[in-house]
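A.B. asks: Submitted below is the structure of interest, expressed as structure tokens.
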Amino acid sequence: MHHGNTRRVAEILADALGVDILQPLDPRSKQLGASALVGLGSGIYYGRHHVSLLRLVETWIEVPPKVFLFSTAGLPFLRYWQHAALRRRVQKQGCEVVGEFCCAGWDSFGPLWLIGGLNRKRPNESDLRRARKFAEEMARVLR
Ligand SMILES: Cc1cc2nc3c(=O)[nH]c(=O)nc-3n(C[C@H](O)[C@H](O)[C@H](O)COP(=O)(O)O)c2cc1C
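In my numbering, the protein residues as written are 148 to 290.
Structure (structure tokens):
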């Protein structure tokens, strides 16, 4: 967790969907077969989701039928490509990907701190509003 950016988005999604947030290393994250829909998200690191999330999906004991992917990133417009590693892994496990969400997250990696970083103060109110709307779409998948 670089700045806790994705945590803020996860809290909005969890609140709107009425579900709990689990960490990738929580043993309960391995057995999600009873959950109709699961959201998987982290910051983007070197063009993909956090390695703990990628590993989790590869070692699932029980696989949920449907998932959505989310992230925050320095370069959110690269979502399709930066979600590809996780998307491939969940599809290989036989899950259907029903939606994807990405918004800008404050990034002060390496030399970026010299200029105060990229996307300062993101996610902002408008990003979180978009996240809430996305959660509403995901809730409809379950109906
Ligand atoms: C080591 C490192 C590598 C990163 N690599 C990328 C990247 O490849 N693409 C991108 O869009 N953002 C990249 N970022 C920016 C993060 O994805 C962004 O700051 C994100 O909001 C961090 O989320 P978190 O605070 O939830 O961990 C990187 C940040 C760090 C610290």
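We put the CB at the ideal spot given by N, CA and C, even for glycine. This one's a predicted model, so the numbers in the text were calculated from it and none came from an experiment.
From G194 to A181, what does the alpha carbon distance come to, in whole angstroms?
C.D. replies: 31 Å
A.B. asks: Quick check on DSSP: helix, strand or coil for A278?
C.D. replies: In this structure, A278 counts as helix in the three-state DSSP scheme.
A.B. asks: Under 7 Å between the Cβ atoms of L233 and L216?
C.D. replies: yes
A.B. asks: When DSSP builds the beta bridges, which residues end up paired with Y192?
C.D. replies: R195
A.B. asks: Given a threshold of 16 other Cβ atoms within 10 Å of its Cβ, counted over all protein chains shown, does R236 qualify as buried or as exposed?
C.D. replies: buried
A.B. asks: Here's the rule I'm using: 16 or more other beta-carbon atoms within 10 Å means buried, otherwise exposed. How should Q238 be labelled?
C.D. replies: exposed
A.B. asks: Would you tell me roughly how many angstroms separate the C-alpha atoms of N271 and Q240, rounded to the nearest one?
C.D. replies: In this structure, the straight-line span from the alpha carbon of N271 to that of Q240 is close to 34 Å.
A.B. asks: Going by the CB atoms, is the gap between I159 and L275 shorter than 7 Å?
C.D. replies: Taking a C-beta distance under 7 Å as the contact criterion, L275 and I159 qualify as a contact pair.
A.B. asks: What residues in its chain sit with their C-beta under 8 Å from that of G246, if we drop five residues either side in the sequence?
C.D. replies: F215, L216, F281, E284, M285, V288
A.B. asks: Secondary structure at D167, three-state DSSP: helix, strand or coil?
C.D. replies: coil
A.B. asks: According to DSSP, simplified to helix, strand and coil, what is V156?
C.D. replies: Of the three classes helix, strand and coil, the one that applies to V156 here is helix, per DSSP.
A.B. asks: Quick check: what's the CA-CA separation for C249 versus A278?
C.D. replies: 9 Å
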